[in-house]
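Under numbering that gives the first Met the number 0, the first residue of the sequence shown carries the number 0, and numbering increases by one thereafter. The beta-carbon is built from N, C-alpha and C at its ideal position, and this holds for glycine as well. From a predicted model like this one, the values you see are computed outputs, not experimental measurements. Below is one structure, written out as structure tokens; comments come after it.
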Amino acid sequence: MLESEKGSKGSLLGAIGLIAGTCVGGGMLALPLDTANIGFYPSLLVLFISWIFMMLTGLLLVEANLWFKDGAHFDTMARKLLGRPGEVVSIVVFLFMGYASLVAYNIAGGALIHKLFEKLGYLFFTAPVSSCLFAILFGSILFLGTRVLGAINTILFFAMIAAYVALIGMGVGQVSDLLLSVGKWTGLGFTLPLILASFSFQMIVPSLTPYLKYNRRQLNIAVVIGSFIPFLVYALWLWVMLGTVPAEGPHGLVETMQSGLPATYALQYFVKNPGVVLVAQYFAFFALVTSYLGISLSTFDFLSDLLKMKEKGYRVLVLVLCVLVPTLVFTLQYPTLFLEALEISGGFGDAIISGMLPVLMVASGRYYYKKSDKGRVFGGVVLLGALFLFALYVFCIQVIKLF
């Protein structure tokens, strides 16, 4: 957080918006593609389980982060609670996860801008140029600080919800009970990496702690409500998408996935409403930007903590460049990795940074360092063990999918 902001406190609504906005983003454009083969009802079950897991690990992170009153991020928390090995793992995985997510959002955001300018006849805005424009335009918001970024993100989040409601309204009359009934209950675990990535907000918890002035109650409320909103949004979104767009066939979800395009591109071929294309583009744009802002903020704060660079003066420029330049390099090198980048981020990144590390840090703090039990998350050792095993299962699923 910027020095000039230390005397002010962010709003609970802003914190909820940052969490929900970070979750409801690029992953939403990929969810129908990744769940097309299992169908709606199996997807709903996996969605609910994933929300419970991510909400609980988010609460564990709040518990651990409040043991430190100096704005500690993952690097510092892992070093003090898990030692040097934990610190190294947190650094590697956090940066991998942050940059992989930003690469995915750059790719999809650049594609939307490219399509827009292509329709307007400005052919100079190629996909690479559009990706650079997306990153520079929204990455520069980091210069404005956490409170301003949070306010902008909240406005964009509600704009995204408005576009989402309009999109759902256009598609709800097209939902087919026959398509919704199609599904299979085998292989559900293979959707977990992408779904976890769609609920990923743990990276911004250390940034929210000083934002809400270490108010435990407000932080817990922000985590529960901020993560539950995406669950409701995703459930209704999958109901419309999987009930409207068939998995197979021309312009189906499988073909859309193979083309490397967001799910909204498939919707326009099956909803008989000319306005759906425009609204789908608005929705996709707002969804990508809100996620991009949340992840870029958490990566910015993490690098500040890791490099021990105070967020003022020329150091802010250095940190912003450290966020933008690597993501742009990978975006330009691998311009079709939208879904793959999100899956890998969830399967490896979220399994570790959002699952294993919070569990291990809380276990170490509670039972080894005897940290304060004030505000302790319920469940004790049993809950910690169950969450760790679930995270390990997701990690193994991603290994199988990759190799």
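Going by DSSP, what residues sit across from residue i in a beta bridge?
i, result
"G182", "G38"
For residue i, tell me which candidate among the options has the shortest Cα-Cα distance.
i, options, result
"L211", "K68, W238, W50 and L111", "K68"
"A327", "V171, V358, S10 and A107", "Strictly speaking, residue 327 in this sequence is Leu, with Ala absent from that position. Closest by alpha carbon: A107."
"L143", "K311, T289, L191 and T125", "K311"
"A385", "T34, S42 and M53", "M53"
"F93", "Y213, Q267, L141 and V322", "V322"
"E86", "L356, Y368, G57 and E247", "L356"
"M256", "G24, L30 and G20", "L30"
"M27", "I194, M202, G168 and V164", "I194"
"A350", "L218, T56, T34 and G248", "T56"
"G346", "Y392, G374 and G378", "Y392"
"A196", "F230, G168, I224 and L302", "F230"
"I37", "L148, D176 and F189", "F189"
"F329", "G24, N105 and L316", "N105"
"I135", "P325, V232, V164 and F198", "P325"
"G82", "S258, Y368, I154 and G120", "Y368"
"G24", "P249, S199, I203 and G120", "S199"
"V164", "V91, V232, V381 and I154", "V232"
I'd like to check one pair, residue j with residue i: are the Cβ atoms closer than 7 Å?
i, j, result
"T263", "A279", "yes"
"A221", "I352", "no"
"T298", "N152", "no"
"H113", "S129", "yes"
"F337", "A103", "yes"
"I396", "L191", "yes"
"F156", "Y291", "no"
"G461", "R215", "Since the first and last residues shown for the chain are 0 and 402, residue 461 lies out of range."
"L58", "V376", "yes"
"T75", "D300", "no"
"A150", "Y281", "no"
"L166", "F284", "no"
"L141", "V319", "yes"
"L17", "G293", "yes"
"A19", "I228", "yes"
"F358", "L383", "Reading the sequence as shown, one finds Val at residue 358 and not Phe. Yes, Cβ-Cβ distance for V358 and L383 is below 7 Å."
Report all residues from its chain with a CB closer than 7 Å to the CB of residue i; omit the five preceding and five following residues, and keep chain order.
i, result
"P245", "L178 and G251"
"F39", "L179, G182, L237, W238, L241 and G242"
"V171", "V239"
"C131", "L327"
"V253", "A35, A246 and E247"
"I224", "I15"
"L306", "none"
"E4", "In this predicted model, E4 has a pLDDT of only 44, less than 50, meaning its place in the structure is not dependable; the value taken from the coordinates is given anyway. Only G144, T145 and R146 meet the Cβ criterion."
So residue i and residue j are supposed to be a Cβ contact under 8 Å. How far apart are they, rounded?
i, j, result
"S226", "C22", "6 Å"
"A390", "A99", "Going by Cβ atoms, the distance from A390 to A99 rounds to 17 Å, so no, they are not a contact pair."
"E62", "V361", "6 Å"
"K370", "W66", "5 Å"
"G364", "L43", "35 Å between Cβ atoms; not a contact."
"A265", "L46", "Contact doesn't hold; Cβ gap of about 20 Å is too wide."
"L101", "Q201", "About 16 Å separates the two Cβ atoms, so there is no contact after all."
"F116", "F124", "4 Å"
"W184", "P84", "About 39 Å; that fails the 8 Å criterion."
"P334", "A126", "6 Å"
"G274", "M169", "7 Å"
"P205", "F394", "Wrong, their Cβ atoms sit about 22 Å apart, outside the cutoff."
"S89", "A71", "About 11 Å; that fails the 8 Å criterion."
Here's a check: name, in chain order, each residue in its chain whose Cβ is nearer than 6 Å to the Cβ of residue i, leaving out the five neighbours to either side.
i, result
"T488", "Missing from the structure shown is residue 488; the chain here goes from 0 to 402 and no further."
"M96", "S344, G348 and I352"
"L218", "V61 and L211"
"R314", "M308"
"L302", "L318 and C321"
"N272", "M169"
"G109", "A126, S129, S130 and F133"
"E2", "Confidence in E2 is poor, its pLDDT being 36 and thus under 50, which makes the residue's placement unreliable; the coordinate value appears in the next sentence. The answer, listed in chain order, is K311."
Which residues in the same chain as residue i place their Cβ atom closer than 8 Å to its Cβ, once the five residues preceding and following it in sequence are excluded?
i, result
"I343", "A99, P192, Q397 and L401"
"F387", "G354, M355, V358 and L359"
"G379", "none"
"Y213", "L65 and K68"
"V174", "W238, V239, G242 and T243"
"L148", "I140, L141, L292 and L296"
"D372", "R365"
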